[in-house]
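Data block below; observations after.
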Amino acid sequence: MMSGILNGTSLYSESYPLLSNDTGNEGNGTNEGTASNITKNKLYSAEKSPNPIKSAPKQTYFADEKITIPDTDSNSFSFRKLWAFTGPGFLISIAFLDPGNIQCDLQAGTSSKYQLLWVVLWSTVLGFFIQWLSARLGVVTGLHLAEVCYRQYRKWPRVFIWLMMEIAIIGSDMQEVIGTAIALYLLSNKMIPVWAGVLITVVDTFTFLMLDKYGLRKLELFFAILIGVMAASFGYEFFVVTPDTTELLKGLIIPGCKGCDSHSLLIGVGIVGAIIMPHNLYLHSGLVKSREIDHAKPAKVREANMYYFIETGIALAVSLVINVFVLAVFAHGVFGKTNHEVREICIAANSSYLETMQDDNLMADMDIYKGGIFLGCQFGVAATYIWAIGILAAGQSSTMTGCYAGQFAMEGFLNLKWCRWKRVLFTRLVAILPTFSIAFYSNIEELSGMNDILNALMSLQLPFAAIPTVAFTSDPRIMGEFANGRFMRTLALSCMFGVLGINATFLLFQVADFIDNWLIQIGVLIYSVFYVTICTYLVAHMINSMRPLPPKANSS
Numbered sequence: 307m308m309s310g311i312l313n314g315t316s317l318y319s320e321s322y323p324l325l326s327n328d329t330g331n332e333g334n335g336t337n338e339g340t341a342s343n344i345t346k347n348k349l350y351s352a353e354k355s356p357n358p359i360k361s362a363p364k365q366t367y368f369a370d371e372k373i374t375i376p377d378t379d380s381n382s383f384s385f386r387k388l389w390a391f392t393g394p395g396f397l398i399s400i401a402f403l404d405p406g407n408i409q410c411d412l413q414a415g416t417s418s419k420y421q422l423l424w425v426v427l428w429s430t431v432l433g434f435f436i437q438w439l440s441a442r443l444g445v446v447t448g449l450h451l452a453e454v455c456y457r458q459y460r461k462w463p464r465v466f467i468w469l470m471m472e473i474a475i476i477g478s479d480m481q482e483v484i485g486t487a488i489a490l491y492l493l494s495n496k497m498i499p500v501w502a503g504v505l506i507t508v509v510d511t512f513t514f515l516m517l518d519k520y521g522l523r524k525l526e527l528f529f530a531i532l533i534g535v536m537a538a539s540f541g542y543e544f545f546v547v548t549p550d551t552t553e554l555l556k557g558l559i560i561p562g563c564k565g566c567d568s569h570s571l572l573i574g575v576g577i578v579g580a581i582i583m584p585h586n587l588y589l590h591s592g593l594v595k596s597r598e599i600d601h602a603k604p605a606k607v608r609e610a611n612m613y614y615f616i617e618t619g620i621a622l623a624v625s626l627v628i629n630v631f632v633l634a635v636f637a638h639g640v641f642g643k644t645n646h647e648v649r650e651i652c653i654a655a656n657s658s659y660l661e662t663m664q665d666d667n668l669m670a671d672m673d674i675y676k677g678g679i680f681l682g683c684q685f686g687v688a689a690t691y692i693w694a695i696g697i698l699a700a701g702q703s704s705t706m707t708g709c710y711a712g713q714f715a716m717e718g719f720l721n722l723k724w725c726r727w728k729r730v731l732f733t734r735l736v737a738i739l740p741t742f743s744i745a746f747y748s749n750i751e752e753l754s755g756m757n758d759i760l761n762a763l764m765s766l767q768l769p770f771a772a773i774p775t776v777a778f779t780s781d782p783r784i785m786g787e788f789a790n791g792r793f794m795r796t797l798a799l800s801c802m803f804g805v806l807g808i809n810a811t812f813l814l815f816q817v818a819d820f821i822d823n824w825l826i827q828i829g830v831l832i833y834s835v836f837y838v839t840i841c842t843y844l845v846a847h848m849i850n851s852m853r854p855l856p857p858k859a860n861s862s
């Protein structure tokens, strides 16, 4: 193994090279344009495998329905082209707005007022940069991240990474189930128990799958509408509360957290982990394949990269505004109040949820459930319903994107494609079992508190998406002339290791309270051995990927 790392040969998969010099369709039989281009350009070639697989991967989604890009003057910016490329960025922005992120936002506002807004801003910027790398990989190669992993990594690391991505996707789906169930509980004025709301999510998932029959553009439009619902709901709360604009801008621009305790700092770290989702990198690299791009023409590839850059930036700017809305509402309304003071507000409003509010002098602690109740107590019952509609949109919008991410991971890592309804049923049933158990046998506060644990769980999986993304986009054998340059590699590595370090800190604090049992400690130890081993393998592969091309390849 180590000798392979040194000579740069055995880190790549023995069963399937990324691409071959001999045939244009050995790498991927469904992407003829990409394959033919790479065959002509030896910058994309990799070492030939002694045991290439005999069959090409099955066709991915969008293979039979790609959106045509209008043919205009390529030297000038075109809003028609931008509109044609618009879609994938808004779909991946949903992961920046899921119930886990909303909970982090309101906790940040409750504990630190506006002082953590800059963390939200720069986390979104970091997320944008890493997502852009993922999109570039899909545009340049015509393959999504999991498909490239299949061609570059050995079998057992590949299987381990796939399992970690499935855990991340299931964890994200659990957050969606929790958010939807709590929203239904609030909207029905307690008539739909939380456990019943959990079960309802099985049915509504398949309802959304019916949207596939109406075409990709209509599906993208539907998700844009859901994002609009979130913007309207949380924007309404923002303008009703009317936070201090000057303090808000200071929080966005000036880094720091004066007077913050360890709990506030942990929330700040959690914001980074909640925003940058591992499976979202696999999703983005797959969604960009839905546009018809002529890979034989570098100018067209460069153009697609530019428009996706703009489109993703716009989408994540919208997500940033929505996250700021949520944080600012609770920074203005709850910060500095004790549980007793919040309870007194609800008593004055004659709230039917009074039993939820604690009566002590500790600083108020909020989650997506208590947050909705507080808004109703402070600003009228309409505020609770509007908040619940926003949470419902956040939960539902993540359902289909989780389905796509899971399908991309399964078909890429395992060369296996399921029907979409099977994929959704698998993910949702696994997510529902623990969620239903807690909802049925415990209380709604504990269910809402699961979001923090799930954020930690997904932070744990981030290396298995971030490291491959940086490695592949920096490899000239894969990306050719579009490989990251020295500056981009340095920036990508800095961002990646910075995010991983922040997530590791968050993870250590979150799991510290759960490993006092010796059986759990043994399990964590065994898992840690595999975890560190695979991460070491990925880092070694990444270093190997950044080697310059041999002189022969440069001269041809």
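Residues in the sequence shown are numbered from 307 upward in steps of one, following our numbering. The beta carbon of each residue, even a glycine, is placed where N, CA and C say it ideally should be.
For M663, the secondary structure class from DSSP, reduced to helix, strand or coil, is coil. Y659 and H638 have their alpha carbons spaced roughly 22 angstroms apart.
Annotation: D567 is outside any alpha helix (DSSP H) and is labelled neither H nor E by DSSP.
The secondary-structure analysis by DSSP pairs M669 across a beta bridge with T644. Beyond the five residues adjoining it in sequence on each side, Y613 comes within less than 7 angstroms, by CB distance, of K387, L388 and F391 in the same chain, given in chain order. Around M848, the same chain offers I773 and A777 as residues with beta carbons nearer than 6 angstroms, after the five sequence neighbours per side are excluded.
Look at the region 433-507 and you find no whole run of beta strand (DSSP E) that is 3 residues long or longer.
Of all C-beta pairs linking the region 413-421 to the region 559-575, three or more are shorter than 8 angstroms, placing the two stretches in contact. The DSSP assignment places 584-593 as complete runs of the alpha helix (DSSP H) inside the region 581-631, in order along the chain (cut-off: 4 residues). With a cutoff of 7 angstroms on beta-carbon distance, V446 and F788 are scored as near each other. I375 carries a coil assignment under DSSP once its states are collapsed to helix, strand and coil. Just so you know, the alpha carbons of M536 and T741 end up roughly 24 angstroms apart. A distance of 7 angstroms or more separates the beta carbons of G701 and I475.
The beta carbon of G642 sits closer than 7 angstroms to no other beta carbon from its chain once the five residues preceding and following it are set aside. Under the 8 angstroms Cβ criterion, the region 547-560 counts as touching the region 621-639, having at least three qualifying pairs. In the three-state scheme derived from DSSP, where H, G and I count as helix and E and B as strand, I560 is classed as coil.
DSSP places Y747 in the helix class (H, G or I) of the three-state scheme. Excluding sequence positions up to five before and after N586, its CB lies within less than 6 angstroms of the CB of I398 and A401, all in the same chain and listed in chain order. Membership of T392 in any alpha helix (DSSP H) is not indicated, and neither H nor E is assigned to it by DSSP. When Cβ pairs closer than 8 angstroms are counted between the two stretches, the region 585-599 is seen not to touch the region 662-679, the count staying below three. Proximity of the region 468-486 to the region 499-511 meets the contact definition, three or more beta-carbon pairs being nearer than 8 angstroms.
For the options L492, L633 and P549, the alpha carbon positioned closest to that of L427 is the one of L633. Taking each of R729, N407 and L432 in turn and checking the Cα distance to S800, the smallest one comes out for L432.
For G696, the enclosing alpha helix (DSSP H) starts and ends at V687 to F719. Boundaries of the alpha helix (DSSP H) around Y542: L522 to V547. Taking each of T811, Y837 and M802 in turn and checking the Cα distance to F434, the smallest one comes out for M802. In this structure the region 594-604 does not touch the region 451-461; the number of beta carbon pairs closer than 8 angstroms is below three.
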